[in-house]
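Please read the structure below before turning to the comments.
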Amino acid sequence: MSDRVARRLAAAALGVALVALVLAGYALHAQSQSEERLREVGRELQRTLTPALPLQGPAPGLDLDDT
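First residue of the sequence shown: 6, per our numbering; consecutive thereafter.
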């Protein structure tokens, strides 16, 4: 293989490696944002459902037959 072909091949490999590195960085960034959105949804669900979670029955003095 000539020197010229080897240099072009090395440059192409370097370019592919750079593109792969950029894509990996983007994937990590997207994953981080997705995890933060999931945490936010979880906090919102917990905040919304907390008042309904105790599920207490009617007050002891309430007459259920009084309709």
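In this text, a Cβ means the ideal position worked out from N, Cα and C, and glycines have one as well.
All values derive from a computational prediction rather than experimental measurement.
How big is the Cα-Cα spacing for residue i and residue j?
i, j, result
"residue 55", "residue 46", "14 Å"
"residue 24", "residue 11", "20 Å"
"residue 43", "residue 17", "39 Å"
"residue 53", "residue 70", "32 Å"
"residue 64", "residue 29", "58 Å"
"residue 8", "residue 39", "46 Å"
Go ahead and pull the three-state DSSP assignment for residue i.
i, result
"residue 64", "coil"
"residue 19", "helix"
"residue 70", "coil"
"residue 37", "helix"
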